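S.K.: Would you mind keeping the following structure in view while I ask a few things?
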Amino acid sequence: MNGAPDPDHTPWSYLSAQVLHHLLFAVRGQQFLRRRAGLGGRRWPVFGVPGPGVALTVDDGPDPEWTPQVLDLLARHRIRATFFLIGARVREHPELARRILTEGHVVGNHSMWHPQPFAALSPARVRAEIVETQRAVEDVTGAVPRLFRAPGGNWSPKVLRATSELGLLPVDWTVNPSDWRSPGVDRITRRLSRSRPGHVLLCHDGGGDRSQTVTALATVLPRLLDRGLRFVVPADDGG
């Protein structure tokens, strides 16, 4: 789901977006190794959460096959998660977007069409992707997202500026099992099991076969709970 071509998409903007994409790998690696990942703000993405908790974030849904399985698993362990939803999929599966909220989870904005590289889009297209998703989620659920995650985590000053101007908090991650690649249940499980207090975990419930993710989470979630970790929401203010 990459959306329509952007008319202001130049070779230079594409190249700079790709450079930023690779630089962010190093930033995330540094955040993972820090004693406490950065809490971010309006002009810098959230990489961590305060206190002894971890945050489970789930991207690219809602999906009619995998989202219900993830939700059932979360309900079984009484875990609250954040779902970064794609606007077009919210319109396709409104009942799932409503179920996510009804079951106590938080919904975030993950753009309307998930175009990549996101930072290569024109400022107008970046803003439109975010605004259209805000409308889609509000139309379907009555809730207005407060969190935004750039597709592919492709941040730039332009993207962060639009996020801030629209009153959203940018959220990245510290633990990435690359489950979207379907690397195998064991690899996803090992990576997620390395989570420590303050980390933001990245998983996916849309965009492909997510059976490996669901199977891995069935092992990882009780394992993390047994270690005394609790699951929180990025920038949770108790609301």
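For this note's numbering, add 806 to where a residue sits in the sequence shown, where the first one is 1.
Quick reminder that beta carbons are idealized off the backbone N, C-alpha and C, glycines included.
From a predicted model like this one, the values you see are computed outputs, not experimental measurements.
Considering Cα atoms alone, identify which of Ile994, Leu1030, Leu1008, Arg987 is closest to Gly854.
M.R.: Of Ile994, Leu1030, Leu1008, Arg987, the residue nearest in Cα terms is Leu1008.
S.K.: Which residue's Cα is closest to the Cα of Ala956: His899, Val852, Leu1023, Phe838?
M.R.: Ala956 has its Cα closest to that of Val852, out of His899, Val852, Leu1023, Phe838.
S.K.: Could you check whether Arg886 and His911 sit closer than 7 Å to each other, using their CB atoms as the reference points?
M.R.: Going by C-beta atoms, His911 is nearer than 7 Å to Arg886.
S.K.: Buried or exposed, going by whether 16 or more other CB atoms sit within 10 Å of the CB of Arg1000?
M.R.: Label assigned to Arg1000: exposed.
S.K.: Beta carbon of Leu953, beta carbon of Val977: below 7 Å?
M.R.: Closer than 7 Å, so yes.
S.K.: Count the CB pairs spanning the stretch 960–974 and the stretch 919–931 that are closer than 8 Å, and state whether there are at least three.
M.R.: Verdict: yes, contact present.
S.K.: Consult DSSP for Pro923 and reduce its assignment to one of helix, strand or coil.
M.R.: Coil.
S.K.: Go through the stretch 882–963 residue by residue and report every complete run of the beta strand (DSSP E) that reaches 3 residues or more, in order.
M.R.: Complete beta strand (DSSP E) runs here, min 3: 888–891, 912–915.
S.K.: Once you ignore the five residues that flank Thr947 on each side, which residues in its own chain have a CB closer than 6 Å to its CB?
M.R.: Correct list, in chain order: Ala903, Arg904, Leu907.
S.K.: Please state whether DSSP places Pro858 in a helix, a strand or coil.
M.R.: Coil, per DSSP.
S.K.: In terms of residue numbering, what span does the beta strand (DSSP E) encompassing Leu1008 cover?
M.R.: That run of the beta strand (DSSP E) goes 1006–1010.
S.K.: What residue does the alpha helix (DSSP H) around Leu830 start on, and which one ends it?
M.R.: 817–839 is the span of the alpha helix (DSSP H), which, as asked, contains Leu830.
S.K.: Could you give the DSSP three-state label for Leu1027: helix, strand or coil?
M.R.: Correct three-state label for Leu1027: helix.
S.K.: If we ignore side chains and look at the alpha-carbon of each, how far apart do Thr873 and Gly1012 end up?
M.R.: The straight-line gap from Cα to Cα measures roughly 7 Å.
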